[in-house]
Each structure stands twice: as structure tokens, then as C-alpha cells.
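For reference, the structure discussed in these notes is given below.
In the working numbering, the protein residues as written are 2 to 141.
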């Protein structure tokens, strides 16, 4: 199974280490196409290889089309993550959003109110193992 993981990059990188943990868990369920989202220095790496904004857009949309499922950590608001979620829903991809309600931001009603998006709240990363197992069991 190809998995598209989405998390904030330009909207804030405070959760980069958490993203890495989630990606490690996701790798037990399939091939994570976007493992770079968990890198601390993701923007510097993109700049070092000369990726323009258009290159990043084209690459991410191609991975999103390829994906069998989308998992997003949505605690840190991000325009890019929201865009990816909208496209995934429009294309009929199964979508799981992970949200920590103890964060500084409320979850958007556009995410929580969408019946085509599964939202799971959690406090600690270890709580995600059974959540991910249940989500991917439903996709099998």
C-alpha cells in the first residue's frame, strides 16, 4: 500500500520529530511516499536540490495521485495540508487525520465536519498504533 503522509512544513516545524515517529509507524503498513516530511531540515534539502514551488507542487500531487491512503497530522494548521486533504477527498482516497486537542489551535470544521475524513484525537504518539492498525485494516 502506498501512503501519503501530510504534515505542516511551511506552516511550522514544531512537530517534525512527531512526524518522524508517525512515519515510522506508517512504514509498518506500507510504503510512505512522503517520508521527507519528517526531516528536521526538509526545506533546506528542497532548496539544496533546486526544487521550485512548482516542482514541489507537481511532485506532491503525483504522490497524492499514487497513494492508496492519506494520513495527515493536522494539529499545526497548514494551507498545504488542507489543500492536500481536499484533493484526496475529491479523488476518493481514504483519509485519516490525527489531531492533538491540547494544541494551540482548534481543528478546522472543514476537516472535522467532513464525513469523508476520519479524525482521531490523541495525546501521545503511542496511542496511534491501534488507530493506524484499525484504519489500515478497513482499507484491506
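Note that CB positions come from ideal geometry on N, CA and C, so glycine has one too.
Computed from a predicted structure; not experimentally measured.
For my contact list, residue 12 and residue 78 are in at a C-beta cut-off of 8 Å; report their separation, rounded to the angstrom. Walking along the chain shown from the start, residue 12 turns up at place 11. Walking along the chain shown from the start, residue 78 turns up at place 77. The beta-carbon separation of residue 12 and residue 78, rounded to 6 Å, stays under the 8 Å limit for a contact.
C-alpha gap between residue 121 and residue 56, whole angstroms: Against the chain shown, residue 121 aligns to sequence position 120. Against the chain shown, residue 56 aligns to sequence position 55. Residue 121 and residue 56 have their alpha carbons spaced roughly 32 Å apart.
Closer than 8 Å by C-beta to residue 90: which residues in its own chain qualify, once you throw out the five before and the five after it? Chain order, please. Residue 90 sits at position 89 when you count from the first residue of the chain shown. Within the same chain, residue 90 has close Cβ partners 96, 115, 117, 118.
Would you say the beta carbon of residue 37 is closer than 7 Å to some non-hydrogen atom of the ligand FAD? In the structure shown, the ligand FAD is absent, as is every other ligand, since no ligand is present at all.
Does the separation of the CB atoms of residue 5 and residue 64 fall below 8 Å? Counting from one through the chain shown, the residue named residue 5 turns up at place 4. Counting from one through the chain shown, the residue named residue 64 turns up at place 63. Yes, the pair counts as a contact, with Cβ atoms nearer than the cut-off.
Minimum C-alpha distance to residue 112 - residue among 123, 101, 87: For this step, residue 112 is matched to residue 111 along the chain shown. Among 123, 101, 87, the Cα nearest to that of residue 112 belongs to 87.
By how many angstroms is the C-alpha of residue 40 removed from the C-alpha of residue 21? The residue you call residue 21 lines up with position 20 of the chain shown. The residue you call residue 40 lines up with position 39 of the chain shown. Rounded to the nearest angstrom, the two C-alpha atoms are 7 Å apart.
Selection from 30, 51, 101 that minimises the alpha carbon distance to residue 140: Reading the chain shown from its first residue, position 139 is the one you call residue 140. Here the closest residue by C-alpha is 30.
Beta-carbon proximity list for residue 73, same chain, < 8 Å, skipping 5 on both sides: Counted from its first residue, the chain shown places residue 73 at position 72. Closer than 8 Å at Cβ, skipping near neighbours: 6, 7, 8, 82, 85, 86, 96, 97, 98, 99.
Within the same chain, show all residues whose beta-carbon is closer than 8 Å to that of residue 195, passing over the 5 residues directly before and after it, in chain order. The structure shown does not extend to residue 195, since the chain is modelled only from 2 to 141, so the question has no answer here.
Starting from residue 16 and walking both ways along the beta strand (DSSP E), at which residues does that stretch end? Within the chain shown, the letter at position 15 stands for residue 16. Premise fails: residue 16 is in no beta strand (DSSP E) and is neither H nor E.
Reduced DSSP category for residue 112 - H, G, I as helix; E, B as strand; rest coil: For this step, residue 112 is matched to residue 111 along the chain shown. Helix.
State the start and end residues of the unbroken alpha helix (DSSP H) segment that holds residue 99. In the chain shown, the residue the question calls residue 99 occupies position 98. Residue range 96-100 is occupied by the beta strand (DSSP E) that includes residue 99, with no alpha helix (DSSP H) assigned at that position.
DSSP three-state assignment for residue 70, whether helix, strand or coil: Counting from 1 along the chain shown, the entry for residue 70 is found at position 69. Here residue 70 sits in strand by DSSP.
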